[in-house]
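Residue numbers (this note's numbering): 4 to 182.
Positions of the beta carbon are idealized from the N, C-alpha and C atoms, including for glycine.
Please read these numbers as outputs of a predicted model, since none were measured by experiment.
The structure appears below as structure tokens.
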Amino acid sequence: MMRIANNSCKLHAPAPMAATCTLESPVGTLWLGASENGLMTLKAAPFNDVPVYHSEQAVTRAKGHLQAACSQLAEFFEGKRHQFDLALAPKGTEFQRAVWQALLTLPWGETASYSDIALQIARPKAVRAVGAANGANPVAIIIPCHRVIGKGGALTGYAWGLKMKASLLKLESAIPSLR
């Protein structure tokens with residue numbers, strides 16, 4: 004299965020976190036962190052990474068990434084944004100980053116199975132590893148790991164819980180039974 008990317012996000016090299024913020028959303032408080040290279044983390048719970056000293060330029064760039072992410076997330080939750088256009092700089096292995104890049108090609112309102120993602124990255128036997136990389140995604144929602152479901156269409160594990168996954172898929176009208 005080949006998908007055409009509808010997401011303008013780009014994965015950049017990770018760098019030390021330079022700024023953090025929180026965003027109140029319809030699904031609860033979200034915690035975000037960014038480096039000068041892009042958004043590093045988006046979580047539904049506080050994280051332990053603390054910004055370290057950086058140049059004023061690095062902090063300014065990181066804050067710009069956070070502002071853009073918060074603005075685009077607000078539009079997403081209002082149903083006005085179906086794709087993100089952000090610089091992303093998540094920490095991960097080469098394999099994880101390949102999976103996350105594949106997830107960025109999943110269009111709004113569509114789902115794929117772990118097997119589909121494994122095929123897309125040319126690692127058809129790595130279905131469980133794809134599941135692990137999906138679960139390790141540090142930039143959930145924007146890297147849409149919630150759009151990955153079981154091969155039979157069942158909602159399967161989600162780091163933020165199946166209730167949150169169902170809420171996100173319902174927002175996108177991705178599963179007929181959730182509409």
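- Assignment of I152 by DSSP, reduced to helix, strand and coil, places it in the strand class.
- Between P141 and L109, the gap from beta carbon to beta carbon reaches 7 Å or more.
- Taken in chain order, the unbroken stretches of beta strand (DSSP E) that lie wholly in the region 4-80 and span 3 residues or more are 22-28, 31-38 and 41-46.
- Between A143 and L45, the gap from beta carbon to beta carbon is short of 7 Å.
- Within its own chain, the residues whose Cβ lies closer than 7 Å to the Cβ of A18, once the five positions on either side in sequence are excluded, are S38, E39, N40 and A92, listed in chain order.
- Burial of A61 is indicated by the presence of at least 16 other C-beta atoms within 10 angstroms of its C-beta.
- Q70 is classed as exposed because its beta carbon has fewer than 16 other beta carbons within 10 Å across all chains shown.
- Burial state of N51 is exposed, judged by a 10 Å Cβ sphere holding fewer than 16 other Cβ atoms.
- Judged by beta-carbon spacing, W163 lies within the 7 Å limit of A47, meaning their Cβ atoms are closer than that value.
- Per the coordinates, the alpha-carbon of Y117 lies some 14 Å from the alpha-carbon of F98.
- With respect to the C-alpha of R64, the residue from L33, A90 and V102 having the closest C-alpha is A90.
- If you check the CB distance, A72 and L106 do not come in under 7 Å.
- Rounded to the nearest angstrom, the Cβ distance from D88 to C12 is 7 Å, consistent with a contact under 8 Å.
- Exclusion of the five residues before and after P49 leaves W34 as the residues of its chain whose Cβ lies within less than 8 Å of its Cβ.
- Contact annotation: A22 and K66 have beta-carbon atoms nearer than 7 Å.
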